[in-house]
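Line by line, the protein sequences give chains A and B. The numbering of the first sequence is our numbering, which starts it at 1 and goes up by one. The numbering of the second sequence is our numbering, which starts it at 432 and goes up by one. All residues carry an ideal CB built from backbone N, CA and C; glycine is no exception. Please read these numbers as outputs of a predicted model, since none were measured by experiment. Down below is the structure, laid out as structure tokens.
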Amino acid sequence: MTALALDESPPLHAPLRFFATAPVWGAGAGLLMTLRAELVTASRWSPETFALVHVLALGFMLQVMAGALLQLLPVAVGSAVPRVRLLALVSHAGLNAGTLLLVAAFLGAGPTWFAAAGAVLLATLAAYLGAVGLSLARARAIGPTLPALRIAAVALGATVALGFTLALGLGQIWSVPIVELVHLHAAWGLLGFALCLVAGVAYVVVPMFQLTPAYPVPVARALPLALLAGLGLWSAGVPLGFRPVAAVGAAVLATATVAFAAQTLLLQASSKRRGRDTTAWCWRLGLCCLLLAVASASWLYLGCPPALRAPLEYLTGVFSLAGAFPALISGMLYKIVPFLVWLHLSRRGPGAPLMHQVIGEPGPRAEVVTHAAAVVLLAAGVASPLLAASGGALFAASKVVLGLNLAVAMSVYRDARAGMREVRPDPPGSP
Amino acid sequence: MTGRVVDGRGLMPPEPMRRALAALTALPPGEELTLLLYREPFPLYAVLDRDGYVHATELERDGTYRIRIRLGR
């Protein structure tokens with residue numbers, strides 16, 4: 001009774017194709033910021049800003065999250081994704097093609113490109129959500145991760161539907177209220193999908209890899225529900241003009257986001273590995289950026305002077321899209337990828353490298369330091385586009401380092417597998 | 432029925448799995464092993480199902496999963 005059962009685990013290449021592509025988009029986002037800093041810092045409504053936002057949100061964030069879910073569902077909630085090899089292949093291709101089309105559309109390729117991007121992304125993400133939704137519906141986990149992931153999936157569906165409607169509007173196929181839909185699309189994507197997903201995964205990986213106590217169950221169950229309720233109230237209030245309802249929704253959203261960040265920081269403060277783990281610093285950077293994003297968004301919502309409106313919108317974007325989620329994603333990748341390498345090599349018998357031997361500490365440390373400096377410069381970009389451009393270049397550098405770190409993990413995997421192959425032949429279905 | 436406990440909370444993977452598997456190998460017939468973790472161990476469930484063990488899991492308010500394992504008939 002020693003071998004691990006991996007029957008439900010997807011092959012290693014299924015999540016890794018997403019993980020390997022994401023740093024390319026991340027570096028691209030940094031370069032785009034460097035080249036178009038003046039336009040991006042001036043307004044959240046410029047086409048260049050929309051292009052940059054979607055390079056980060058689709059090319060980097062959703063890329064990693066979509067790949068991670070394929071791997072995490074069997075491990076975290078005990079339910080495999082059906083037809084996972086085919087789904088990984090098709091959804092990876094569709095997500096990248098759709099993102100390229102959308103970014104080209106924003107950068108001036110023409111209205112038809114919005115419709116094409118919308119169709120590709122809708123078809124891809126509908127197929128992805130169908131398979132992942134089936135897995136979540138079949139799952140039998142009893143903890144708070146499963147409801148959080150189910151809410152995240154529902155929110156991704158809402159985000160995709162709103163995005164497709166916007167693509168039809170921008171493609172001049174259907175007349176839609178663009179501004180209101182943009183607000184709803186962004187809120188459901190960032191708070192409904194991304195934050196619920198991060199929370200659901202954090203309930204597993206923070207205690208597991210950072211050796212903290214667990215999230216208290218009542219808190220862990222309440223947070224995703226509060227985010228869903230807040231989004232529901234806010235979504236009903238904004239387009240219908242019910243300002244008090246929208247205000248309650250916004251307050252619930254802000255409180256739930258702060259509660260998640262504060263609870264996680266509190267748990268990390270009592271970690272047995274306190275101060276020694278670079279990925280914990282990724283989490284601290286991400287959570288502090290999340291709190292800053294809530295602060296700037298709250299000031300915007302509560303009524304800032306008109307002159308501060310554009311700068312605060314820019315800062316909210318920097319802290320959430322360039323700061324919080326990329327840092328949290330790196331923190332997770334630096335644990336999940338070594339864990340997967342160990343897990344898949346362990347299948348072959350003894351001799352698998354330990355998790356901390358797969359990537360090591362210096363590489364992740366270089367990324368988190370570069371990323372933190374990038375966020376500081378990007379935030380300072382509110383005063384000078386030159387600083388924002390420098391921040392973009394550093395952000396690109398940090399994602400190049402992330403890509404190199406993941407390449408190191410793959411190299412360790414290949415070398416160890418080659419060594420083991422001399423002792424034992426490959427089992428069927430090996431990656 | 433007597434019981435043994437493996438507390439895997441606060442241990443870095445794969446140590447909890449390794450200790451649980453070692454404890455199960457040494458578990459006398461009729462005895463129960465209780466595993467304490469901060470997550471539900473689905474990869475371990477797959478091993479237990481394959482090898483004829485029965486298990487039941489409860490979640491406590493502090494986030495501890497209490498997994499009771501014994502050899503099935």
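Reducing DSSP to helix, strand and coil, say where residue i ends up.
i	result
R309(A)	helix
M1(A)	Below a pLDDT of 50, predicted positions are generally treated as unreliable, and M1(A), at 47, falls in that range; the measurement from the model is reported next regardless. Looking at M1(A) - three-state DSSP - the assignment turns out to be coil, as it is neither helix nor strand.
Y215(A)	coil
I498(B)	strand
Y484(B)	strand
R85(A)	helix
S430(A)	Note on S430(A): pLDDT 47, under 50, position unreliable in the model; the coordinate value appears next. Here S430(A) sits in coil by DSSP.
M432(B)	Bear in mind that a pLDDT of 47 at M432(B), under 50, signals an unreliable position, so the number given afterwards is only what the model happens to contain. The answer is coil: DSSP assigns M432(B) none of H, G, I, E or B.
E489(B)	strand
E446(B)	helix
L12(A)	coil
E463(B)	strand
V437(B)	strand
L468(B)	strand
E361(A)	coil
W234(A)	helix
S384(A)	coil
L333(A)	helix
G110(A)	coil
K272(A)	coil
V182(A)	helix
L197(A)	helix
I142(A)	coil
F60(A)	helix
Candidates the options: which alpha carbon is nearest residue i's?
i	options	result
R243(A)	Y301(A), L190(A) and W283(A)	Y301(A)
V83(A)	V341(A), G130(A) and F50(A)	One point to set straight first is that residue 83(A) is Arg, not Val, in the sequence displayed. Taking only the C-alpha atoms, the option nearest R83(A) is G130(A).
G143(A)	T465(B), G503(B), R481(B) and R497(B)	R497(B)
M448(B)	D493(B), L479(B), E463(B) and G461(B)	L479(B)
A221(A)	F260(A), P364(A) and V120(A)	Looking at the sequence itself, residue 221(A) is Arg, so the reference to Ala does not match. Of the listed residues, the one whose Cα sits closest to R221(A) is F260(A).
P11(A)	F50(A), Q71(A) and T34(A)	Q71(A)
A51(A)	W25(A), V103(A), V77(A) and P353(A)	V103(A)
L136(A)	R150(A), A126(A) and A123(A)	R150(A)
V75(A)	A126(A), L39(A), A187(A) and V204(A)	V204(A)
S411(A)	A397(A), L387(A), A379(A) and G360(A)	G360(A)
E489(B)	P23(A), V238(A) and R140(A)	R140(A)
P350(A)	L107(A), A416(A) and G110(A)	A416(A)
A372(A)	V358(A), R36(A), A409(A) and W281(A)	W281(A)
A366(A)	P385(A), S384(A), V401(A) and P338(A)	V401(A)
A115(A)	T124(A), A167(A) and A155(A)	A167(A)
L432(A)	C288(A), V245(A), L404(A) and P15(A)	Outside the shown range of chain A (1 to 431) lies residue 432(A), about which nothing can therefore be said.
L227(A)	L190(A), V238(A), V206(A) and A262(A)	L190(A)
E38(A)	A383(A), A407(A), V408(A) and A409(A)	A383(A)
N405(A)	S9(A), A14(A), T264(A) and P23(A)	P23(A)
K272(A)	V437(B), L442(B), V436(B) and R435(B)	L442(B)
A397(A)	L32(A), A14(A) and S9(A)	L32(A)
Determine the chain A residues that contact residue i at a beta-carbon separation under 7 Å, and present them in chain order.
i	result
T488(B)	I142
T495(B)	A214
R435(B)	Result: empty, since nearest Cβ-Cβ is about 16 Å, beyond 7 Å.
Are residue i and residue j closer than 8 Å when you measure CB to CB?
i	j	result
G200(A)	T145(A)	yes
R17(A)	A88(A)	yes
L466(B)	G483(B)	no
Y476(B)	G26(A)	no
L229(A)	V252(A)	Here the sequence assigns Ala to residue 229(A), which means Leu is not the residue at that position. For A229(A) and V252(A), yes; Cβs fall inside 8 Å.
P444(B)	M65(A)	no
S298(A)	L315(A)	no
H486(B)	R499(B)	yes
A105(A)	W113(A)	yes
For residue i, return the contacting residues in chain B, with the cut-off set at a CB-CB distance below 7 Å.
i	result
L211(A)	G441 and M443
M61(A)	Going along chain B, no residue has its Cβ under 7 Å from M61(A), so there is no contact; the nearest lies around 24 Å.
Run through chain A and tell me which residues come within less than 8 Å of residue i, C-beta to C-beta.
i	result
P460(B)	What P460(B) touches in chain A: nothing, since even the nearest Cβ is about 15 Å away.
R492(B)	P216, V217 and P218
Check the Cβ of residue i against every Cβ in chain B and list those closer than 8 Å, keeping chain order.
i	result
P353(A)	What P353(A) touches in chain B: nothing, since even the nearest Cβ is about 12 Å away.
F339(A)	P444
K399(A)	Near K399(A) there are no residues of chain B at all, since even the closest Cβ is about 27 Å away, more than 8 Å.
P82(A)	Residues of chain B passing the Cβ test: none, with the nearest at roughly 17 Å.
Along chain A, in chain order, which residues have C-beta atoms closer than 9 Å to that of residue i?
i	result
E463(B)	The contacting residues do not exist; E463(B) stays about 16 Å from chain A at best.
R450(B)	Within chain A, no residue comes near R450(B); the closest Cβ sits about 13 Å away, beyond 9 Å.
E471(B)	A76, V77, G78, A141, I142, G143, T145 and V204
Find the residues of chain B that neighbour residue i, judging by a C-beta separation of less than 9 Å, and give them in chain order.
i	result
W342(A)	P444 and P445
Problem - the region 172–179 of chain A contacting the region 214–221 of chain A, beta-carbon criterion three pairs below 8 Å - result: no
Exercise for the section: Determine, using beta-carbon pairs with one atom in the region 89–109 of chain A and one in the region 56–66 of chain A, whether at least three such pairs fall under 8 Å. Expected result: yes
Practice task
State whether the region 389–397 of chain A contacts the region 329–349 of chain A, with contact taken as three or more CB pairs (one from each stretch) at a distance under 8 Å.
Solution key: no
Problem - Segment contact, 8 Å Cβ cut-off, at least three pairs: the region 458–472 of chain B with the region 183–196 of chain A - result: no
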